[in-house]
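Enquirer:
In my numbering, the protein residues as written are 1 to 60.
1) Rounding to the nearest angstrom, what Cα-Cα distance links residue 17 and residue 34 in this structure?
2) Measuring only the C-alpha atoms, how far is residue 26 from residue 1?
3) Give the DSSP-derived three-state secondary structure of residue 19 in the structure shown.
4) What are the start and end residues of the alpha helix (DSSP H) that includes residue 5?
Here it is, written out as structure tokens:
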């Protein structure tokens, strides 16, 4: 069986049991954390840390 077909079948099988509200509330903070991590990783090495740019000032 092709992976795409298997994925489609599994998603169709579990769909009736998925609470969309709970799923959305769980995914939202994970997406925010991912964005923060991507922003941080994008700045990695871009600017040396100095007393004016300590690691705490780079986190928004």
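Backbone N, C-alpha and C fix where the C-beta goes; we use that ideal spot for every residue, glycine too.
Expert: According to the structure shown:
1) Residue 17 and residue 34: Cα-Cα distance of roughly 26 angstroms.
2) So the alpha carbons of these two residues sit roughly 31 angstroms apart.
3) Correct three-state label for residue 19: coil.
4) From DSSP, the alpha helix (DSSP H) with residue 5 extends over 3-14.
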